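S.K.:
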Amino acid sequence: MTVKKEFAQPSIENDTIESLSSKLFTATNQLFAANQKLQELQRQRSEMLANISHDLRAPITAIRSAVDYLTSGQNLTQEDYHASLMLIDRRTATLESLIQDMYYLFCVEDVSRPIESQTVDAAQFLEEYFYDALADSRYGRHQLILDISENLKEKITVDIQKIVRVLDNLLGNAAKYSPVGSSILLKGVCSADGRYLVVSVSDNGPGIPREALGHLFERTYTVSSARTPSSTTGSGLGLSIVKAIVERHHGWVSCESKEEEGSCFTFTLPFAG
Ligand code: ADP
Numbered sequence: 003m004t005v006k007k008e009f010a011q012p013s014i015e016n017d018t019i020e021s022l023s024s025k026l027f028t029a030t031n032q033l034f035a036a037n038q039k040l041q042e043l044q045r046q047r048s049e050m051l052a053n054i055s056h057d058l059r060a061p062i063t064a065i066r067s068a069v070d071y072l073t074s075g076q077n078l079t080q081e082d083y084h085a086s087l088m089l090i091d092r093r094t095a096t097l098e099s100l101i102q103d104m105y106y107l108f109c110v111e112d113v114s115r116p117i118e119s120q121t122v123d124a125a126q127f128l129e130e131y132f133y134d135a136l137a138d139s140r141y142g143r144h145q146l147i148l149d150i151s152e153n154l155k156e157k158i159t160v161d162i163q164k165i166v167r168v169l170d171n172l173l174g175n176a177a178k179y180s181p182v183g184s185s186i187l188l189k190g191v192c193s194a195d196g197r198y199l200v201v202s203v204s205d206n207g208p209g210i211p212r213e214a215l216g217h218l219f220e221r222t223y224t225v226s227s228a229r230t231p232s233s234t235t236g237s238g239l240g241l242s243i244v245k246a247i248v249e250r251h252h253g254w255v256s257c258e259s260k261e262e263e264g265s266c267f268t269f270t271l272p273f274a275g
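Converting from the sequence shown to the working numbering requires adding 2 to each position, the first position being numbered 1.
#1: In the structure shown, what three-state DSSP assignment does residue 180 receive?
#2: What do you reckon, is the C-beta of residue 260 under 7 Å from a heavy atom of the ligand ADP?
#3: Below 6 Å CB to CB, which residues in the same chain sit around residue 267 once its five sequence neighbours on both sides are set aside?
#4: Taking the alpha carbon of residue 275 as the reference point, which residue from 251, 55, 263 and 269 has its own alpha carbon closest?
#5: Count the other C-beta atoms from every protein chain shown that fall within 10 angstroms of the C-beta of residue 269, then say buried if there are 16 or more, exposed otherwise.
#6: Using the three-state DSSP reduction, which class does residue 81 fall into: helix, strand or coil?
#7: At a cut-off of 7 Å, is residue 208 close to the ligand ADP when judged by its beta-carbon and the heavy atoms of the ligand?
#8: In whole angstroms, what separates the C-alpha of residue 245 from that of residue 219?
#9: For residue 240, is the beta carbon positioned less than 7 Å from some heavy atom of the ligand ADP?
#10: When DSSP builds the beta bridges, which residues end up paired with residue 202?
#11: Here's a check: name, in chain order, each residue in its chain whose Cβ is nearer than 6 Å to the Cβ of residue 229, leaving out the five neighbours to either side.
#12: Please determine whether the Cβ atom of residue 176 lies at a distance below 7 Å from any heavy atom of the ligand ADP.
#13: Does the segment 105 to 124 come close enough to the segment 152 to 166 that 3 or more CB-CB pairs lie under 8 Å?
#14: Indicate whether residue 243 and residue 103 have their beta-carbon atoms separated by less than 8 Å.
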């Protein structure tokens, strides 16, 4: 004999349906946003690969031409030899710096690689960096100024070497792009809500066109020919490295600039704890 069991249809309240559909709506939106972010990352990666190929091609072509010239069997003078070897030397250095910066950027962006954090006094850290910079020949042709607010008493938990790299890149750019003899100001203050360290590097250089400001930190963005590496512009990845390091420390970067007046790059880091 078979026993028939009857199951009652679960009753679903209207508000349950409403809450479920609202959850579904939120989840769909989140999925859509995640998908868009993924697409944007993929677009950036493709553009970066295109840029890398372009950036590598220029120095390699120059080295290839110089080698072809040296091995062409022509009667070359000592000066010709010297000039070609110097060109090979410079272009090899460009390649080295480009490859080093690319590798560094990949490592910083790889969240599976832990960063080595230490908790240090923010004001003391900036002061020590500043006195090292004063003795550094890279900044010797500029007047460095330090301004640390008196109420900056908090600590930061950071990978010291990486934050030094951020400061080096910002001060390096300020020195590279502003006139010899002009001043570069390194400033450290506490944010108005008391939760963040705000560090800025200001110069009196040529400034940056308004239309470039929103894209400066994108690794795929070019300010005119700025992304083409040379001895004066560097690898073109300096600001992307700055952004990647600061974001790994849960901070953010920004830039204010006026053409003919100068630029001010700022990064903000949460205080320890
Ligand atoms: P680069 O190796 O070319 O300096 P960065 O990523 O550090 O690469 O900077 C990207 C571009 O932003 C530079 O090529 C330059 O055009 C502009 N830039 C950066 N810092 C400054 C500055 N302090 N003053 C003027 N332009 C700047």
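No residue lacks a Cβ here, since even glycine has one placed at the ideal position from N, Cα and C.
None of these values were measured; they are calculated from a predicted model.
M.R.: Concretely, from the data shown:
#1: Here the question's residue 180 lines up with position 178 in the sequence shown. Looking at residue 180 - three-state DSSP - the assignment turns out to be coil, as it is neither helix nor strand.
#2: Taking the first residue of the sequence shown as 1, we reach residue 260 at position 258. Outside the cutoff, so no.
#3: Mapped onto the sequence shown, residue 267 falls at position 265. Around residue 267: 172, 203 and 257.
#4: Position 273 of the sequence shown, counted from the start, is the residue given in the question as residue 275. Looking at the Cα atoms, 251 is the closest of the given residues.
#5: By 1-based counting over the sequence shown, the position of residue 269 is 267. With 16 or more Cβ atoms within 10 Å of its Cβ, residue 269 is classed as buried.
#6: As a working mapping, residue 81 is identified with position 79 in the sequence shown. In this structure, residue 81 counts as helix in the three-state DSSP scheme.
#7: Counting from one through the sequence shown, the residue named residue 208 turns up at place 206. Answer for residue 208: yes, Cβ within range of the ligand ADP.
#8: For the purposes of this step, residue 245 is identified with residue 243 of the sequence shown, where counting begins at 1. For the purposes of this step, residue 219 is identified with residue 217 of the sequence shown, where counting begins at 1. Distance between the alpha carbons of residue 245 and residue 219: 6 Å.
#9: Along the sequence shown, one-based indexing puts residue 240 at 238. It does: the Cβ of residue 240 is within 7 Å (strictly closer) of some heavy atom of the ligand ADP.
#10: Mapped onto the sequence shown, residue 202 falls at position 200. 189 and 268, per the DSSP bridge assignment.
#11: Walking along the sequence shown from the start, residue 229 turns up at place 227. At residue 229, the pLDDT of 46 sits below 50, so the modelled position is not reliable and the matter cannot be decided from this model.
#12: The residue labelled residue 176 in the question sits at position 174 within the sequence shown. Because some heavy atom of the ligand ADP lies under 7 Å away, the Cβ of residue 176 counts as near it: yes.
#13: yes
#14: Within the sequence shown, the letter at position 241 stands for residue 243. Within the sequence shown, the letter at position 101 stands for residue 103. Closer than 8 Å, so yes.
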